[in-house]
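Asker:
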Amino acid sequence: MMNTTLKQKVSEIFEKYQFSQQDAQFISDLLGEIDDRQRIELSAKLDNLLNQKDKTELTGLMQKDKTELIDRINNVKSSLTIQIYIVGLIQFLAIVGSVIGIINFMIK
178 MMNTTLKQKV SEIFEKYQFS QQDAQFISDL LGEIDDRQRI ELSAKLDNLL NQKDKTELTG
238 LMQKDKTELI DRINNVKSSL TIQIYIVGLI QFLAIVGSVI GIINFMIK
C-alpha cells in the first residue's frame with residue numbers, strides 16, 4: 178500500500194483546497210492502486226533479472242564449455258597435423274617411385 182507520509186500529504190492538500198472527504202478518499206485509493214501496480218511491475222521485472230547465483234552458474238557453464246571447446250580444437254589440430262604428414266609422406270613416396278620408374282626405364 179501507499180506509505181503513510183504520502184497519504185498524509187494528499188490529505189493535507191485536499192484539506193487546504195477544501196475538497197470533500199469522498200474526493201480525498203477517491204484520490205487516495207487511486208494513488209494506492211497506482212502504487213500497488215507499480216510494485217507488481219517492479220517485482221515482475223526484478224524476477225527477470227539474473228541474481229548472483231545465476232551469474233555464478235552461467236560463468237561455470239561457460240568455463241566448462243570453453244574448456245571442452247579448447248580440447249576439441251586441440252584434438253582436431255593434432256588429427257589434422259597427422260593427416261598432413263601422412264599425405265606428405267605419400268607424395269614423397271610417389272615421387273621416389275616415379276624417379277625409380279624413370280631411372281629403371283632409362284636403364285633398359
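Position in the sequence shown (first residue = 1) + 177 = this note's numbering. Note that the Cβ used here is the ideal one computed from N, Cα and C, for glycine as well.
(1) Quick one: what does DSSP say LEU270 is sitting in, helix, strand or coil?
(2) Answer with buried or exposed for VAL264, where buried requires no fewer than 16 other C-beta atoms within 10 angstroms of its C-beta.
(3) Tell me whether GLN199 sits in a helix, a strand or coil according to DSSP, three-state version.
(4) Determine the direct distance from the alpha carbon of MET239 to that of LYS230, and round the result to whole angstroms.
(5) Under a three-way DSSP split, which group does TYR194 fall into?
(6) Does LYS285 come out as helix, strand or coil in the three-state DSSP assignment?
(7) Exposed or buried, which one is LEU187 when buried takes at least 16 other CB atoms within 10 Å?
Answerer: Per the coordinate set shown:
(1) By one-based count along the sequence shown, residue 270 stands at place 93. Three-state result, LEU270: helix.
(2) Translated into positions along the sequence shown, residue 264 becomes position 87. By the neighbour-count criterion, in which 16 or more other beta carbons inside 10 Å mark a residue as buried, VAL264 falls on the exposed side.
(3) Working through the sequence shown from its first residue, we reach residue 199 at position 22. Of the three classes helix, strand and coil, the one that applies to GLN199 here is helix, per DSSP.
(4) Against the sequence shown, residue 230 aligns to sequence position 53. Against the sequence shown, residue 239 aligns to sequence position 62. Rounded to whole angstroms, the separation of the alpha carbons of MET239 and LYS230 is 14 Å.
(5) One-based indexing of the sequence shown puts residue 194 at position 17. Coil, per DSSP.
(6) In the sequence shown, residue 285 corresponds to position 108, counting from 1. Note: LYS285 maps to coil in three-state DSSP.
(7) Taking the first residue of the sequence shown as 1, we reach residue 187 at position 10. Note on identity: in this sequence residue 187 is Val, with Leu being the wrong assignment. By the neighbour-count rule (16 or more Cβ atoms within 10 Å), VAL187 is buried.
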